[in-house]
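**Q** Dropping a structure here in structure tokens format, bear with me for questions.
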Amino acid sequence: MSISMSFFSPPTPTHLLISFSSKPHFTDKTIFFLRPANPLLLSAPKVSTDNGAGISAAIEEPKAEQKVAEPAGSAPEGEKSSLGSNGAVADAGVKLESKFVDPRWIGGTWDLTQFQKDGSTDWDAVIDAEVRRRKWLEGNPESSSNDDPVVFDTSIIPWWAWIKRFHLPEAERLNGRAAMIGFFMAYVVDSLTGVGLVDQMNNFFCKTLLFIAVAGVLLIRKNEDIETLKKLLDETTFYDKQWQATWQDETPSSSTAE
Amino acid sequence: MTSSIAFKSFTGLRHSSAEPPKLHSQLHNISPPNYCQRHLQITAGISSPKLQNRNLRVAVIGGGPAGGAAAETLAKGGIETYLIERKLDNCKPCGGAIPLCMVGEFDLPLDIIDRKVTKMKMISPSNIAVDIGQTLKPHEYIGMVRREVLDSYLRERAASNGANVINGLFLKMDLPKGGKGSETAPYVLHYTEYNGKVGGAGQKKTLEVDAVIGADGANSRVAKSIGAGDYDYAIAFQERIRIPDDKMVYYENLAEMYVGDDVSPDFYGWVFPKCDHVAVGTGTVTHKGDIKKFQLATRNRAKDKILGGKIIRVEAHPIPEHPRPRRLSDRVALVGDAAGYVTKCSGEGIYFAAKSGRMCAEAIVEGSGNGKRMVDESDLRKYLEKWDKTYWPTYKVLDVLQKVFYRSNPAREAFVEMCADEYVQKMTFDSYLYKKVVPGNPLDDLKLAFNTIGSLVRANALRKEMNKLSV
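Just so you know, the sequences run in chain order A and B. Residue numbering for the first sequence follows full-length UniProt numbering, starting at 1 and increasing by one per position. Residue numbering for the second sequence follows full-length UniProt numbering, starting at 1 and increasing by one per position.
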């Protein structure tokens with residue numbers, strides 16, 4: 001997965017390939033990157049990953065003998081053919097279970113001194129880096145280790161950085177929608193009933209419509225949201241219904257409530 | 001507060017049909033504590049026919065925690081009790097965790113507990129690890145037991161109180177036919193008795209009893225006999241791994257919980273320390289076919305810590321997700337896993353099994369006036385009422401937690417982040433160890449709600465960025 005790593009950590013693209021398509025050349029780079037030069041060693045860890053008894057980096061190779069014994073217990077070499085879809089020996093390097101490595105990720109958290117821009121921390125870059133790390137881990141789950149525990153906490157990123165990056169664009173979009181709906185409805189109601197904007201605001205029915213419009217803009221942001229909201233409503237009461245089922249029939253002769 | 005409101009909706013559903021008016025008015029005073037139930041005992045007993053020359057006969061099918069606790073309470077209450085268990089040395093595949101209150105409530109000897117877990121580690125999908133347990137007082141712990149030890153202890157205690165323990169496999173039950181006299185007609189149980197001395201396939205036998213408590217677990221045959229309906233269930237898969245001693249030291253009194261889509265889409269993976277090995281497992285409701293894949297992922301996540309271990313046993317078992325549609329039918333009641341009393345979120349079942357067994361037995365003892373009178377369905381319904389009222393808040397809170405925090409990876413990240421908060425830890429352990437949903441300080445609750453929303457929002461925002469990355 002060094003290819004993916006290069007994709008996710010731009011500062012060190014030099015000796016790593018950037019594109020996914022260059023797989024055949026990859027083995028050489030892998031060997032170069034991972035220092036132990038023995039291709040057999042590279043394949044063994046990959047195989048044991050399949051068996052689930054994996055070794056996280058080639059450096060831990062000496063522990064190969066102590067792998068968690070599999071009930072199937074097949075020899076590592078024999079498993080080479082059962083590797084992923086690509087099946088080539090080169091893939092032994094591709095899927096090598098290497099940990100997430102990034103020069104700015106030190107001691108289980110992001111080293112904020114490396115994210116300086118114009119004298120202050122570039123929080124956007126920190127967010128980007130964490131996103132890449134999580135994306136990487138989702139595709140390549142790693143063993144959690146006691147020797148280098150992850151201690152990163154998203155709350156070190158200040159609240160205004162979150163708001164500026166995530167909340168404001170969405171707020172702009174929603175306010176835009178609300179403004180468009182509001183203007184259009186005010187115009188339509190005025191042309192149909194002759195009631196001006198100020199008089200509309202004093203009318204209870206119009207105020208109700210306004211409330212519904214605002215709630216709609218806030219809750220329904222994508223087409224799928226209508227279905228999601230309906231399902232959520234069902235979900236909140238589903239467990240209650242399951243518990244109440246036994247009370248639906250008290251006389252033994254009535255039919256099953258299921 | 002909310003529990004009583006929720007409970008009112010339960011009682012609202014009841015049609016008060018054939019009950020005498022005296023009983024009916026008494027029922028509205030259920031909320032006051034237990035001693036009020038003693039009053040009910042006297043009035044309820046009056047309506048049932050008195051048994052001539054014998055005590056009430058009750059059979060408990062299943063000899064696990066639920067069955068053992070029920071049989072003990074029945075026997076102590078003077079009822080002729082039969083406990084039918086198919087495998088007296090059964091090692092039920094189980095996490096094996098019991099809360100502190102169970103030790104006190106059931107007078108468990110401390111040597112039953114193999115380990116006292118006082119620390120837990122929650123590990124998020126991105127391997128952010130949070131230690132919880134700092135708020136525990138020195139005397140507080142989660143007990144890890146071996147099921148075969150606990151089950152046999154409870155059964156033996158039941159036997160020493162007068163219960164008849166039968167080693168047999170329950171086959172089916174003949175229900176009393178409806179009509180006149182059916183209130184006192186017996187239930188005929190068909191079972192195969194295994195005789196340890198003779199061995200072999202066992203003899204078919206029958207037993208006539210007046211009431212039955214079904215404590216035979218997730219695949220309950222008693223439930224099938226009364227048409228209790230089905231429930232959704234999770235598959236829990238577990239491997240017991242003996243790891244090297246130096247690695248075992250780490251798990252001395254620590255249990256781990258791994259969350260993530262790789263480990264389980266709707267549950268969690270765990271490493272629980274047992275007497276001399278660890279149990280590594282995971283579970284799922286929705287993707288049962290992928291359980292092996294999830295187990296592999298769990299082992300992978302704990303890899304460094306269990307490296308060098310040998311798998312000594314592989315086991316799996318269904319875990320109910322919610323109660324069966326019918327937990328009671330005439331004079332047959334379900335308790336424990338058979339009823340579906342496993343909490344969501346944590347998947348805890350041992351305590352609730354034992355407690356429900358005890359509660360049901362207590363209801364039978366009271367309803368029958370210590371075995372002197374016949375019971376009827378309304379006496380057993382009292383157990384359901386009491387159970388729902390006492391534990392509904394616990395179940396509901398855990399259900400909400402599961403729905404909110406086990407939804408997706410961002411939710412799990414938020415969950416682990418929240419666990420770092422001391423207030424959360426205190427609330428979690430207090431409610432887990434003592435089985436009471438305690439409303440905490442409102443100001444702290446508000447801060448907690450705020451922080452929860454903050455964590456969820458942040459995690460979901462990161463997830464949106466992650467999705468953009470893949471495109």
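A virtual CB, placed ideally from N, CA and C, is assigned to each residue, including glycine. Since the model is a prediction, treat every value here as computed from it, not as a measurement.
Looking at chain B, is there any beta carbon in it that lies within less than 8 Å of the beta carbon of Ile106 (chain A)?
**A** no
**Q** How many angstroms separate the CA atom of Asn370 (chain B) from the CA atom of Ala353 (chain B)?
**A** 23 Å
**Q** Which one or two residues does DSSP pair with Arg373 (chain B) in a beta bridge?
**A** B:Lys50
**Q** Let's test the definition: count the other Cβ atoms within 10 Å of the Cβ of Cys275 (chain B) and tell me whether it reaches 16, buried, or not, exposed.
**A** It is exposed - the Cβ of Cys275 (chain B) has fewer than 16 other Cβ atoms within 10 Å.
**Q** Could you tell me which uninterrupted beta strand (DSSP E) segments, each at least 3 residues in length, are contained entirely in the region 79 to 132 of chain B, listed from first to last along the chain?
**A** 80 to 85, 113 to 117, 119 to 123, 129 to 132
**Q** Where are the alpha helix (DSSP H) runs, 4 residues long or more, that stay fully inside the region 248 to 303 of chain B, in chain order?
**A** 291 to 301
**Q** Using beta carbons (cut-off 8 Å, strictly below), is Ala161 (chain A) in contact with chain E?
**A** In the structure shown, chain E cannot be found, because the protein chains are A and B.
**Q** For Glu252 (chain B), count neighbouring C-beta atoms within 10 Å of its own C-beta (all shown protein chains included) and say buried if the count is 16 or more, exposed if not.
**A** exposed
**Q** What is the DSSP secondary structure of Leu462 (chain B), counted as helix, strand or coil?
**A** helix
**Q** Please work out which residues of its chain come closer than 6 Å, Cβ to Cβ, to Ala255 (chain B), disregarding the five sequence neighbours upstream and downstream, and give them in chain order.
**A** Val117, Met120, Phe272
**Q** Specify, as a first and last residue, the run of the alpha helix (DSSP H) that Asp230 (chain B) falls within.
**A** Where Asp230 (chain B) is concerned, there is no enclosing alpha helix (DSSP H), given that its DSSP letter is neither H nor E.
**Q** By the 10 Å Cβ neighbour count, where 16 or more other Cβ atoms means buried, how is Arg54 (chain B) classified, buried or exposed?
**A** exposed
**Q** Can we say the region 339 to 352 of chain B touches the region 180 to 190 of chain B, given the rule of at least three CB pairs closer than 8 Å?
**A** no
**Q** For Ala245 (chain A), tell me which candidate among B:Val149, B:Arg240, B:Ser378, B:Pro325 has the shortest Cα-Cα distance.
**A** B:Pro325
**Q** Leaving out five residues on either side along the sequence, give the residues of the same chain with a beta carbon under 7 Å from the beta carbon of His322 (chain B).
**A** Tyr231, Asp232, Gly340
**Q** Go ahead and pull the three-state DSSP assignment for Asp122 (chain A).
**A** coil
**Q** Please decide whether Trp243 (chain A) counts as near chain B, where near means a Cβ-Cβ distance under 8 Å.
**A** yes
**Q** Going by C-alpha distance, which of B:Arg327, B:Ala420, B:Lys403 is nearest Trp387 (chain B)?
**A** B:Arg327
**Q** Give, in chain order, every residue of the region 312 to 331 of chain B whose Cβ lies closer than 8 Å to some Cβ of chain A.
**A** Val314, His322, Pro323, Arg324, Pro325, Arg326, Arg327, Leu328, Ser329, Asp330
**Q** How is the beta strand (DSSP E) around Tyr191 (chain B) delimited, first residue to last?
**A** 187 to 193
**Q** If you reduce the DSSP assignment to three classes, tell me which class Thr135 (chain B) lands in.
**A** coil
**Q** Is the beta carbon of Ala161 (chain A) sitting closer than 8 Å to the one on Trp123 (chain A)?
**A** yes
**Q** In chain B, which residues lie with their C-beta within 7 Å of the C-beta of Pro158 (chain A)?
**A** Chain B residues near Pro158 (chain A): none, gap ~11 Å exceeds 7 Å.
**Q** Compute the Euclidean distance between the alpha carbons of Leu218 (chain A) and Met185 (chain A), then round it to the nearest angstrom.
**A** 17 Å
**Q** Contact check, Leu51 (chain B) vs Lys372 (chain B) under 8 Å by CB: the rounded distance?
**A** 6 Å
**Q** Using a Cβ cut-off of 8 Å (strictly closer), state whether Trp270 (chain B) contacts chain A.
**A** Output row for Trp270 (chain B): interface = no.
**Q** Let me confirm a value: Phe267 (chain B) is counted as buried when at least 16 other C-beta atoms fall within 10 Å, else exposed. Which label applies?
**A** buried
**Q** Could you give the first and the last residue of the continuous beta strand (DSSP E) run that contains Gly214 (chain B)?
**A** 211 to 214
**Q** Would a check of beta-carbon distances place Ile123 (chain B) closer than 8 Å to chain A?
**A** yes
**Q** Okay, do the region 93 to 103 of chain B and the region 144 to 153 of chain B touch, 3+ Cβ pairs below 8 Å being the bar?
**A** yes
**Q** Does any CB atom of chain B fall closer than 8 Å to the CB of Phe115 (chain A)?
**A** Not closer than 8 Å to any Cβ of chain B, the Cβ of Phe115 (chain A) fails to qualify, so no.
**Q** Does Ser368 (chain B) come out as helix, strand or coil in the three-state DSSP assignment?
**A** coil
**Q** In chain B, which residues lie with their C-beta within 8 Å of the C-beta of Tyr239 (chain A)?
**A** His322, Lys344, Tyr395, Lys396, Asp399
**Q** Along chain B, which residues have their Cβ under 8 Å away from the Cβ of Asn223 (chain A)?
**A** None at all; the shortest Cβ gap to chain B is about 17 Å.
**Q** Contact defined as beta carbons within less than 8 Å: I believe Asp376 (chain B) pairs with Ala218 (chain B). What is the distance between those atoms, to the nearest angstrom?
**A** With 8 Å as the limit, Asp376 (chain B) and Ala218 (chain B) do not qualify as a contact, their Cβ atoms being about 28 Å apart.
**Q** Taking only the alpha-carbon atoms, compute the straight-line gap between Phe450 (chain B) and Asp444 (chain B) and give it to the nearest angstrom.
**A** If I take the Cα positions, the gap works out to 10 Å.
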